[in-house]
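Engineer: So that we are looking at the same thing, I have put the structure below in structure tokens.
Residue numbers (my numbering): 179 to 343.
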């Protein structure tokens, strides 16, 4: 069985709420999903492999720029998930990171082959086809709502990789 290492980001932002929502409320959070290149794969979070000369955080940011056309700050890893493809002939080790979006690009490398869609956390839960994506999304929401309830700087939870693209 082949083992593939991948990194994936969950790009997120806070809705402009005009003071009506607390940032400790999951309704204040939007996540960015992208369409798959192959039909029938549903909506996904950006992902890819990483090169030998880059860190996993740099690779997660690069893949997010290429696939979703957003730039931001890669935050502390949400975790690592192991899963297999449908044919059971490839195993994956997926590392998931939150990415606080700071800029949305007008043009990006995969603009012609993917759509990007901002959705509520509720909509993302429904559209995530894979259990490990749902788990990572729940970890992100819990982290953001808990640290916002405590008035903490959520980006300060460990290392944050600032974009210099």
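Ideal placement from N, C-alpha and C gives every residue a C-beta, glycine not left out. Since this is a predicted model, take the numbers as computed values, not measurements.
#1: For residue 319, which three-state DSSP category applies?
#2: Classify residue 286 as helix, strand or coil using the three-state DSSP reduction.
#3: Taking residue 242 as part of the beta strand (DSSP E), name the residues at either end of that continuous run.
#4: In the structure shown, what three-state DSSP assignment does residue 205 receive?
#5: Is residue 300 helix, strand or coil when you go by DSSP?
#6: In the DSSP output, which residue or residues are listed as bridge partners for residue 213?
#7: Quick one: using the 10 Å Cβ neighbour count with 16 as the cut-off for buried, is residue 182 buried or exposed?
#8: Buried or exposed, going by whether 16 or more other CB atoms sit within 10 Å of the CB of residue 272?
Structural biologist: With the given structure in hand:
#1: Stepping through the chain shown from its first residue, residue 319 is reached at position 141. The answer is helix: DSSP assigns residue 319 an H, G or I state.
#2: Within the chain shown, the letter at position 108 stands for residue 286. Note: residue 286 maps to coil in three-state DSSP.
#3: Residue numbering aside, residue 242 sits at position 64 when the chain shown is read from its first letter. Looking at the DSSP string, residue 242 is not in any beta strand (DSSP E); the run it does join, the alpha helix (DSSP H), is 234-246.
#4: Locating residue 205 in the chain shown gives position 27, counting from the first residue. DSSP places residue 205 in helix when its eight states are reduced to three.
#5: Start at 1 with the first residue of the chain shown, and residue 300 comes out as number 122. Residue 300 falls in the helix class under three-state DSSP.
#6: Walking along the chain shown from the start, residue 213 turns up at place 35. Bridge partners of residue 213: 221.
#7: In the chain shown, counting from the first residue as 1, residue 182 sits at position 4. By the 10 Å Cβ count, residue 182 comes out exposed.
#8: If you number the chain shown from 1, residue 272 lands on position 94. Its Cβ being crowded by 16 or more others within 10 Å, residue 272 is buried.
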